[in-house]
Amino acid sequence: MVARARDEEHRAATPLELFFDLCFVVAVAQAGARLVHALAEGHTGTGIISYLFVFFGIWWAWMNFSWFASAYDCDDVPYRVLTLVQMAGVQVYAAGVPRAFDKNDWTIAVLGYVMMRLALTTQWLRAARSEEDPGAARTARRYAIGLVICQLGWVALLFAPEDSRKWLFLILVAAELSVPPIAERNTPTPWHPHHIAERYGLFTVIVLGETITAGTVAVQSALDENEALDELLPIAAGGLLIVFAAWWIYFAVPIHERLSSNRYAIPWGYGHYLIFASAAAIGAGIEVAVEQAVGKAHVSTTAAAAAVTVPSAVFLFVVWLLHSRHYKR
126 MVARARDEEH RAATPLELFF DLCFVVAVAQ AGARLVHALA EGHTGTGIIS YLFVFFGIWW
186 AWMNFSWFAS AYDCDDVPYR VLTLVQMAGV QVYAAGVPRA FDKNDWTIAV LGYVMMRLAL
246 TTQWLRAARS EEDPGAARTA RRYAIGLVIC QLGWVALLFA PEDSRKWLFL ILVAAELSVP
306 PIAERNTPTP WHPHHIAERY GLFTVIVLGE TITAGTVAVQ SALDENEALD ELLPIAAGGL
366 LIVFAAWWIY FAVPIHERLS SNRYAIPWGY GHYLIFASAA AIGAGIEVAV EQAVGKAHVS
426 TTAAAAAVTV PSAVFLFVVW LLHSRHYKR
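So, in structure tokens, the structure goes:
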């Protein structure tokens with residue numbers, strides 16, 4: 126496993142990476158569906174907290190795979206098999222999302238998450254063993270050690286008292302987020318700026334596509350049961366315009382030229398947690414608005430509207446913060 130060149134020409138996302146993304150969108154859909162259920166039942170606070178917790182596992186596992194692949198994708202058999210393990214892990218994670226939402230039972234979700242993370246740990250160990258540069262090998266070992274320590278923490282979380290789990294969860298999130306800055310403190314990994322920008326852009330498109338799908342299915346189901354076309358048509362049209370505008374705004378400014386160092390790239394990558402989570406939540410909000418319009422959701426018109434406008438505002442603000450504010454004519 127040899128590191129890829131940071132200035133490699135014509136570097137693009139691979140079919141395996143795109144397949145990997147499609148597996149992850151299953152978990153995104155599960156998280157969105159449970160958020161719809163929580164908001165429609167009026168459980169706004171607990172629903173949002175559970176959604177943010179669940180989405181962290183999806184986003185963080187995806188992000189770590191993407192940055193590793195940008196630096197070390199060798200596409201050999203062990204690499205593909207370990208990627209398959211991560212794809213299986215996210216399916217297990219997705220299966221555990223309903224239990225995490227409804228019963229605060231994180232057993233299955235943690236199992237899937239640990240599967241993904243240990244597979245990535247193995248990749249880092251392969252990189253450490255193959256690296257000829259002592260600094261790069263040390264960085265890879267730091268990643269592997271950090272990942273293992275964090276996974277022990279997630280397993281321990283399952284045995285912690287239920288009332289303390291949320292606080293322990295936040296501590297473990299902070300620990301996970303600290304691994305890349307610590308590991309790359311001396312020798313950064315040779316990730317490819319254009320490749321990283323493309324990977325994030327493609328996943329944004331996939332999440333927005335899932336948002337369109339969720340809204341379409343909700344409108345179809347409502348029409349089958351109520352035939353309230355006059356009430357649903359404005360929601361469907363408005364939802365499509367919001368998602369299209371989100372796509373337009375995200376890609377309005379080329380960003381790969383700014384990804385020149387970890388100092389900017391790591392906060393940029395971390396900020397996409399809010400971009401991805403809010404993009405998926407827009408779809409959930411559209412579903413809630415549809416259910417409220419036909420009398421299935423136990424929320425007010427204002428609450429249903431907020432389910433769409435709040436994540437839209439978050440998406441807009443974070444995209445401006447990470448992308449658009451740097452644009453100069």
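Just add 125 to wherever you are in the sequence shown, counting from 1, and you've got our numbering.
Even for Gly, the Cβ is constructed at its ideal location relative to N, Cα and C.
Remember, predicted model here, so these are calculated numbers, not experimental data.
- DSSP places A138 in the coil class of the three-state scheme, outside both helix and strand.
- In the three-state DSSP reduction, C199 falls in the coil class, being neither helix nor strand.
- Looking at P223, V444, E356, A196, the one whose alpha-carbon comes closest to that of A152 is P223.
- Residue state for K228 is assigned as helix, using DSSP reduced to three classes.
- C-alpha of A418 to C-alpha of L358: approximately 11 Å in a straight line.
- Inter-residue distance for N229 and R388 is about 36 Å (C-alpha atoms, whole angstroms).
- Residue state for L384 is assigned as coil, using DSSP reduced to three classes.
- Using a Cβ-Cβ distance cut-off of 8 Å, the region 260-273 and the region 281-296 are not in contact, since fewer than three pairs of beta carbons, one from each stretch, lie closer than that value.
- Contact annotation: T329 and Y375 have beta-carbon atoms nearer than 8 Å.
- Under the 10 Å beta carbon count, W373 is surrounded by fewer than 16 other beta carbons and is classified as exposed.
- Between H317 and E134, the C-beta spacing is not below 8 Å.
- Taken through DSSP and simplified to helix, strand or coil, F376 comes out as coil.
- The way I'd put it, the region 205-219 does touch the region 241-250; three or more beta-carbon pairs between them come closer than 8 Å.
- Per DSSP, W279 is one residue of the alpha helix (DSSP H) stretching across 259-282.
- In this structure G420 is exposed. Its beta-carbon is surrounded by fewer than 16 other beta-carbon atoms within 10 angstroms.
- If you draw a straight line from the Cα of W231 to the Cα of R310, it is about 33 Å long.
- The beta carbon of P436 lies closer than 7 Å to those of S403, A406, I407, G410 in the same chain, with the five residues before and after it left out.
- A156 and H162 have their alpha carbons spaced roughly 10 Å apart.
- Between G167 and H423 the beta-carbon gap is near 5 Å, inside 8 Å, which marks them as a contact.
- S403 carries a helical assignment under DSSP once its states are collapsed to helix, strand and coil.
- The alpha carbon of W249 has as its nearest neighbour, out of A430, V127, S386, A429, the alpha carbon of V127.
- When DSSP states are grouped into helix, strand and coil, G394 belongs to the helix group.
- Within the same chain, L141, F145 come within 7 Å of T208 by CB-CB distance, once the 5 residues on both sides are set aside.
- The beta carbon of W192 sits closer than 6 Å to those of W316, all from its chain and outside the five residues before and after it, given in chain order.
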